[in-house]
Amino acid sequence: MSPSRHRSVLVALLLVVTATFALVVASPGGVRPASAASVAPTASCRALDPNLVHGVCLKYTSRSGTGFSWIGTLRADNGRVFFCIDYLYDSRIAGNATVIGTHGLVNQFGSRVGAAEVAALNEVISTWAAHGSTGSDNRDAAIGLIIREVMSDGTRSDGTVVYPRGLRVGGTVRAPVGGLSGPVLDLARSMWSQGSAQRGPWRVSLTASRAGALPLGTTRTYRTTVVSSANQVVPGARVTFTCTGPISCPAPLRTTAAGSTVAVRPAAIGAYSIRATVTGPAADGKLYRVGTWRTHGGGGARNNGVQRGWIAQSTPASATVSATSGIVKGNPQVATRASVATVVPGTPLRDLVTVSSLPAGYEQTATATLYGPFDAEPGATSCTPDRIAGRVSFPLVANGSLTTPAVVATQPGYYVWTESLPGDVHTNPVTAPCGLSVETTLVRSAPLTATTPRVHTIASGQHSLVGGRVYDDVRVDGLPSGASVPVEWTLLGPIAPRQGSCAGLDWSHAPVIARGSLVVSHDGTWRTAPTVLRTAGCVTYTERLLASSTSVAVSTRPGVASETVLVTRPVTRVVPEIPSGPFSDGTR
Amino acid sequence: MIRMLTLAAGLLAAVVLVVILRPGTGAVVGPGALLVSARPAARVADRDQFRPAANVRPRYLHSNYRAPSRLVVPGAGGTLRIPSLGVAAPVDVVGLDGTTMAIPNNPHRVGWLKTTATSGDLVGASVLSGHVSDERDVPGTLARLGGLRRGAAIVWVAHGIERRFVVTAIARYPRSQGVPASVFRTDGAHVLNLVTCADRVTTPGGGFHYRSNLVVTARARPHSLRR
Numbered sequence: 113m114s115p116s117r118h119r120s121v122l123v124a125l126l127l128v129v130t131a132t133f134a135l136v137v138a139s140p141g142g143v144r145p146a147s148a149a150s151v152a153p154t155a156s157c158r159a160l161d162p163n164l165v166h167g168v169c170l171k172y173t174s175r176s177g178t179g180f181s182w183i184g185t186l187r188a189d190n191g192r193v194f195f196c197i198d199y200l201y202d203s204r205i206a207g208n209a210t211v212i213g214t215h216g217l218v219n220q221f222g223s224r225v226g227a228a229e230v231a232a233l234n235e236v237i238s239t240w241a242a243h244g245s246t247g248s249d250n251r252d253a254a255i256g257l258i259i260r261e262v263m264s265d266g267t268r269s270d271g272t273v274v275y276p277r278g279l280r281v282g283g284t285v286r287a288p289v290g291g292l293s294g295p296v297l298d299l300a301r302s303m304w305s306q307g308s309a310q311r312g313p314w315r316v317s318l319t320a321s322r323a324g325a326l327p328l329g330t331t332r333t334y335r336t337t338v339v340s341s342a343n344q345v346v347p348g349a350r351v352t353f354t355c356t357g358p359i360s361c362p363a364p365l366r367t368t369a370a371g372s373t374v375a376v377r378p379a380a381i382g383a384y385s386i387r388a389t390v391t392g393p394a395a396d397g398k399l400y401r402v403g404t405w406r407t408h409g410g411g412g413a414r415n416n417g418v419q420r421g422w423i424a425q426s427t428p429a430s431a432t433v434s435a436t437s438g439i440v441k442g443n444p445q446v447a448t449r450a451s452v453a454t455v456v457p458g459t460p461l462r463d464l465v466t467v468s469s470l471p472a473g474y475e476q477t478a479t480a481t482l483y484g485p486f487d488a489e490p491g492a493t494s495c496t497p498d499r500i501a502g503r504v505s506f507p508l509v510a511n512g513s514l515t516t517p518a519v520v521a522t523q524p525g526y527y528v529w530t531e532s533l534p535g536d537v538h539t540n541p542v543t544a545p546c547g548l549s550v551e552t553t554l555v556r557s558a559p560l561t562a563t564t565p566r567v568h569t570i571a572s573g574q575h576s577l578v579g580g581r582v583y584d585d586v587r588v589d590g591l592p593s594g595a596s597v598p599v600e601w602t603l604l605g606p607i608a609p610r611q612g613s614c615a616g617l618d619w620s621h622a623p624v625i626a627r628g629s630l631v632v633s634h635d636g637t638w639r640t641a642p643t644v645l646r647t648a649g650c651v652t653y654t655e656r657l658l659a660s661s662t663s664v665a666v667s668t669r670p671g672v673a674s675e676t677v678l679v680t681r682p683v684t685r686v687v688p689e690i691p692s693g694p695f696s697d698g699t700r
Numbered sequence: 035m036i037r038m039l040t041l042a043a044g045l046l047a048a049v050v051l052v053v054i055l056r057p058g059t060g061a062v063v064g065p066g067a068l069l070v071s072a073r074p075a076a077r078v079a080d081r082d083q084f085r086p087a088a089n090v091r092p093r094y095l096h097s098n099y100r101a102p103s104r105l106v107v108p109g110a111g112g113t114l115r116i117p118s119l120g121v122a123a124p125v126d127v128v129g130l131d132g133t134t135m136a137i138p139n140n141p142h143r144v145g146w147l148k149t150t151a152t153s154g155d156l157v158g159a160s161v162l163s164g165h166v167s168d169e170r171d172v173p174g175t176l177a178r179l180g181g182l183r184r185g186a187a188i189v190w191v192a193h194g195i196e197r198r199f200v201v202t203a204i205a206r207y208p209r210s211q212g213v214p215a216s217v218f219r220t221d222g223a224h225v226l227n228l229v230t231c232a233d234r235v236t237t238p239g240g241g242f243h244y245r246s247n248l249v250v251t252a253r254a255r256p257h258s259l260r261r
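Quick look at the structure:
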């Protein structure tokens, strides 16, 4: 191919590409594009209307000449801020305009704006411009741009499409003619996305964790969820509660994406109701409009119509939901376990009791009854009056765990505990069933090889400071091979020293500072959990090694010197000066 | 000359021995401090861990002390009553101002030093103090403390607990030497040491100051805790 022929081919190819591009950009019969819009000084728009508040002044060129378009807020004669919704209409609000709802909104051509779009628009304005302008040119412009595209009237009579039409919920806000630089477009898209998803009216739901009457001593939780008209969960919505009846009413909360829960606790027998209320954007906003406003039915926007203005305010709507239930007497739950499974005769037996769901204010004396001895493991009907081996009682005022007083089982055989909690005006009586295996203890004669372990204990120090920690080292010798024996420890005190000494004190009425237990499985030294000392005085440890099938119980006495600690406050380094007398040199 | 020096040294040694071996007289100022060092070393070692090791050089013998407000929590220590004197004063919680006990500036209030035993403690000494008078020498709440007698009652109510004490000793100590370390002991039965100033001295120019600390020691009555 010669160079001249080569050049001709290149020129022809260039012409084809150029023609194709021109057809694509300016296709015959399509909507006529205008030149790119640019952001003009606000003064350019203010020359046309002095009532601008915040927004952006756009300048564009159409076939019929240069145009300016304001997207943003304006101020009415009465001071209220609004957004124009009729493109090319006179932007002033007529003095005789009244406030109406946006229900059934149509654009200037008479085309109906969808209810969902109106609701989304109200969400955007209620959220961002609840009290007039957003205070930002870009945010007000973003809302103005959304309005233009929702109203779908941004086409001039010469066919120039200044603002794309047909923005629907979930759709994407597009740029005005020729594009738009800066953050306005991104802001508008974000606002519309949220408005579409969280448009009102909202619904609030309350779902109880359990149906039926609510027993005293328990709580009932409710899951509360707020959902938009788009069926989307709304996070961050403020839900308030009002209640009737003897319950603790939940405090207001902010919803989360996962939903939120609240709890009610009954205080007395009766009935209650709980009502949740949420306030969110309404389905409609508010407009300024004169009574003579009419659609014109044309294909393009017209100049000099009478403007309608969407008032920049929050237009809210509230939703409520209620739940009711009765409150009945409480049914305490009692979990019990015998202190030891197998012992030798003469061993004190105790029951470990854990009570829950006890109504507040309960103050009764509970009873633990030991039945036995039985030849075989007792069953549900074994607990008859003629088999009572002992009965102990203990005060019960709150939920928690406790150990009953002891009953000594002297005869070999099986023994079983039952617990009885009396009822009161708020509480049903409870009696634990007979024959539970965890409540059963086998007392069998000590084998000839039964041993008496030796226990030697020593506290972590004989002196400690307030705020310090103490613990006890328990040295166990003579434990049968394979034994696994619980050791219960108690820290008693503080009590006052006598003549400066903790020796020889009477510990029988000393308060308990802390208690705990550990299990020893072989000879050696075992350490108790540490306890922080809060008060000065004398404290002492006492330990009790429980009996097993191969060893007898062993206890240590409180007040043994190696087990006793004097707790004092830290001493000051020097004797402080006490300047409690005034001084005068006589000059005053 | 040598004989005279030997005689003088002998006299000095005799005086020291007399002073050291003098029978104890309880709360006595001056030589009483030496008696402590004459006690068996083992006992001193045991007691030392519960008493301050040394006295400080006083800073406010010839100037007024003003407690910074950050060291005084008004009213947090409850109230103190001395029925026989008709005294009832609010108790502020005070701290140490360096090596000085912060005293409430208002002479009608009493300060409890928070490093000492609380009203409910079973062990150690609680130290409370108040000004004997103000800068114009108008008497304060504790101005008549010197008139208290052994056996008198003192009642300290703090945090809803009423603690009763019985006065067992009243003593004066030169402020130039400070109070004995035992006033701040942290062991032994719980006592209350109520301190103010005494022994007013008037200067020729019309000035005045107090040269002694008056310490009233009261032992906590058994089972005196009342809520």
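If you read the sequences in order, they're chains A and B. If you read the first sequence in our numbering, its first letter stands for residue 113, the second for the next number, and so on. If you read the second sequence in our numbering, its first letter stands for residue 35, the second for the next number, and so on. Glycine residues also receive a C-beta, built at the ideal position from the N, C-alpha and C atoms. If you're wondering where the values come from, they're calculated on a predicted model, not measured in any experiment.
Q: Quick one: residues in its chain with C-beta nearer than 6 angstroms to the C-beta of Lys171 (chain A), no 5 flanking neighbours on either side, listed in chain order?
A: Start at 1 with the first residue of the first sequence, and residue 171 (chain A) comes out as number 59. The answer, listed in chain order, is Ser150, Ala152 and Phe180.
Q: Confirm, please, whether the CB-CB distance from Ala521 (chain A) to Tyr527 (chain A) is below 8 angstroms.
A: Within the first sequence, numbered from 1, the residue matching residue 527 (chain A) stands at position 415. Within the first sequence, numbered from 1, the residue matching residue 521 (chain A) stands at position 409. Contact: yes.
Q: Check Trp146 (chain B) in the structure and name its three-state DSSP category.
A: Taking the second sequence and counting its residues from 1, the one referred to as residue 146 (chain B) is at position 112. Reduced to three states, the DSSP call for Trp146 (chain B) is strand.
Q | Residues, ordered as in the chain, of the stretch 95 to 113 of chain B that lie near chain A by beta-carbon distance below 8 angstroms | A | Leu95, His96, Ser97, Asn98 and Tyr99
Q) So with Cβ pairs under 8 angstroms, would you call Pro92 (chain B) a contact of chain A? A) As a position in the second sequence, residue 92 (chain B) is number 58, starting the count at 1. Yes, Pro92 (chain B) counts as interfacial toward chain A.
Q.
If you follow the beta strand (DSSP E) that Trp601 (chain A) is in, where does it begin and where does it stop?
A. Position 489 of the first sequence holds residue 601 (chain A). From DSSP, the beta strand (DSSP E) with Trp601 (chain A) extends over Val597 to Ile607.
**Q.** Helix, strand or coil at Phe218 (chain B) [DSSP, three-state]
**A.** As a position in the second sequence, residue 218 (chain B) is number 184, starting the count at 1. Note: Phe218 (chain B) maps to helix in three-state DSSP.
**Q.** Members of the stretch 681 to 700 of chain A near chain B, C-beta cut-off 9 angstroms
**A.** Arg681, Pro682, Val683, Thr684, Arg685, Val686, Val687, Pro688, Glu689, Ile690, Pro691, Ser692, Gly693, Pro694, Phe695, Ser696, Asp697, Gly698, Thr699 and Arg700
Q) What does Val275 (chain B) reach in chain A if we use C-beta pairs closer than 9 angstroms? A) This structure does not reach residue 275 (chain B), given that chain B is present from 35 up to 261, and the question cannot be answered.
Q. Listed in chain order, which residues of the stretch 129 to 140 of chain B have Cβ atoms closer than 7 angstroms to some Cβ of chain A?
A. Leu130, Thr133, Thr134, Met135 and Ile137
Q: Give a yes or no on whether the C-beta atoms belonging to Val218 (chain A) and Val225 (chain A) are separated by under 8 angstroms.
A: For the purposes of this step, residue 218 (chain A) is taken as residue 106 along the first sequence, with counting starting at 1. For the purposes of this step, residue 225 (chain A) is taken as residue 113 along the first sequence, with counting starting at 1. Yes, they are a contact pair.
Q | Residue closest to Val456 (chain A), alpha-carbon to alpha-carbon, out of A:Thr481, A:Pro485 and A:Gln445 | A | Taking the first residue of the first sequence as 1, we reach residue 456 (chain A) at position 344. Comparing Cα-Cα distances from Val456 (chain A) to each of A:Thr481, A:Pro485 and A:Gln445, the minimum goes to A:Pro485.
Q | Contact the stretch 536 to 554 of chain A vs the stretch 567 to 587 of chain A: 3+ CB pairs below 8 angstroms | A | no
Q. By the 10 Å Cβ neighbour count, where 16 or more other Cβ atoms means buried, how is Glu655 (chain A) classified, buried or exposed?
A. On the first sequence, residue 655 (chain A) is found 543 positions in, with the first residue counted as 1. Buried, by the Cβ-count rule.
Q.
Just checking: is the beta-carbon of Pro86 (chain B) within a distance shorter than 8 angstroms of some beta-carbon in chain A?
A. For the purposes of this step, residue 86 (chain B) is taken as residue 52 along the second sequence, with counting starting at 1. Output row for Pro86 (chain B): interface = yes.
Q.
For Gly239 (chain B) and Gly649 (chain A), I'd like the C-alpha separation in whole angstroms.
A. Reading the second sequence from its first residue, position 205 is the one you call residue 239 (chain B). Reading the first sequence from its first residue, position 537 is the one you call residue 649 (chain A). For Gly239 (chain B) and Gly649 (chain A), the distance between alpha carbons rounds to 52 angstroms.
Q) Which partner residues does Gln445 (chain A) have in the DSSP bridge list? A) If you number the first sequence from 1, residue 445 (chain A) lands on position 333. Note: Gln445 (chain A) sits in a beta bridge opposite A:Ser468.
Q) Does the separation of the CB atoms of Ala231 (chain A) and Arg311 (chain A) fall below 8 angstroms? A) For the purposes of this step, residue 231 (chain A) is taken as the residue at position 119 of the first sequence. For the purposes of this step, residue 311 (chain A) is taken as the residue at position 199 of the first sequence. Closer than 8 angstroms, so yes.
**Q.** As assigned by DSSP and simplified to three states, the class of Asp233 (chain B)
**A.** Translated into positions along the second sequence, residue 233 (chain B) becomes position 199. The answer is strand: DSSP assigns Asp233 (chain B) an E or B state.
Q) Taking Thr643 (chain A) as the reference, which of A:Tyr583, A:Leu297, A:Ala379 and A:Leu292 has the closest Cα? A) In the first sequence, the residue the question calls residue 643 (chain A) occupies position 531. Closest by alpha carbon: A:Tyr583.
Q. Would Ala608 (chain A) count as contacting chain B if we go by Cβ distances under 8 angstroms?
A. Here residue 608 (chain A) refers to the residue found at position 496 when the first sequence is read from its first residue. For Ala608 (chain A), the answer is yes, since a Cβ of chain B falls inside 8 angstroms of its Cβ.
Q: Identify, in the order they occur along the chain, each residue of the same chain with its Cβ nearer than 7 angstroms to the Cβ of Asn98 (chain B), setting aside the five sequence neighbours on each side.
A: Locating residue 98 (chain B) in the second sequence gives position 64, where the first residue counts as 1. Cβ within range, chain order: Glu169.
Q | Delimiting residues of the beta strand (DSSP E) encompassing Gly256 (chain A) | A | Reading the first sequence from its first residue, position 144 is the one you call residue 256 (chain A). No beta strand (DSSP E) contains Gly256 (chain A), which is instead part of the alpha helix (DSSP H) from Asp249 to Met263.
Q) So, helix, strand or coil for Asn234 (chain A), using DSSP? A) Taking the first residue of the first sequence as position 1, residue 234 (chain A) is located at position 122. Helix, per DSSP.
(Q) Let me make sure I understand the geometry here. Which of B:His96, B:Asn139 and B:Val157 has the alpha-carbon closest to that of Ser103 (chain B)? (A) As a working mapping, residue 103 (chain B) is identified with position 69 in the second sequence. Answer by Cα proximity: B:Asn139.
Q | Nearest to Val121 (chain B) (by Cα), restricted to the options B:Leu182, B:Val128, B:Asn89 and B:Gly194 | A | For the purposes of this step, residue 121 (chain B) is identified with residue 87 of the second sequence, where counting begins at 1. Ranking the options by Cα distance to Val121 (chain B), first place goes to B:Leu182.
(Q) DSSP three-state label for Val683 (chain A), please. (A) Translated into positions along the first sequence, residue 683 (chain A) becomes position 571. Note: Val683 (chain A) maps to coil in three-state DSSP.
**Q.** Rounded distance between the beta-carbons of Ala223 (chain B) and Ala254 (chain B), thought under 8 angstroms
**A.** The residue you call residue 254 (chain B) lines up with position 220 of the second sequence. The residue you call residue 223 (chain B) lines up with position 189 of the second sequence. Their Cβ separation, rounded to whole angstroms, is 7 angstroms, which keeps Ala254 (chain B) and Ala223 (chain B) in contact under 8 angstroms.
Q.
Let me see if you follow: with CB-CB separation under 8 angstroms, is Thr652 (chain A) close to chain B or not?
A. If you number the first sequence from 1, residue 652 (chain A) lands on position 540. No, its Cβ sits nowhere closer than 8 angstroms to a Cβ of chain B.
(Q) Assuming Trp619 (chain A) is part of the alpha helix (DSSP H), what are its boundary residues? (A) In the first sequence, counting from the first residue as 1, residue 619 (chain A) sits at position 507. Looking at the DSSP string, Trp619 (chain A) is not in any alpha helix (DSSP H), and its letter there is neither H nor E.
Q | Whole-angstrom distance between Met303 (chain A) and Trp422 (chain A), CA atom to CA atom | A | What you label residue 422 (chain A) is simply residue 310 of the first sequence in a count that begins at 1. What you label residue 303 (chain A) is simply residue 191 of the first sequence in a count that begins at 1. If you take the alpha carbons of Trp422 (chain A) and Met303 (chain A), they lie about 17 angstroms apart.
Q.
Quick check on the burial criterion: 16 or more other C-beta atoms within 10 angstroms. Buried or exposed for Glu475 (chain A)?
A. As a working note, residue 475 (chain A) is residue 363 in the first sequence. Label assigned to Glu475 (chain A): exposed.
Q | Proximity test, Cβ basis, 8 angstroms: Ala622 (chain A) and chain B | A | In the first sequence, residue 622 (chain A) corresponds to position 510, counting from 1. No, its Cβ sits nowhere closer than 8 angstroms to a Cβ of chain B.
**Q.** Residue from A:Val588, A:Leu603 and A:Thr602 with nearest C-alpha to Ser596 (chain A)
**A.** What you label residue 596 (chain A) is simply residue 484 of the first sequence in a count that begins at 1. Here the closest residue by C-alpha is A:Val588.
**Q.** 7 angstroms Cβ cut-off: residues of chain A touching Glu169 (chain B)
**A.** Taking the second sequence and counting its residues from 1, the one referred to as residue 169 (chain B) is at position 135. The answer, in chain order, is Pro694 and Ser696.
Q: Assign Pro153 (chain A) to one of three DSSP states: helix, strand, or coil.
A: Translated into the one-based positions of the first sequence, residue 153 (chain A) becomes position 41. Pro153 (chain A): coil per DSSP, three-state reduction.
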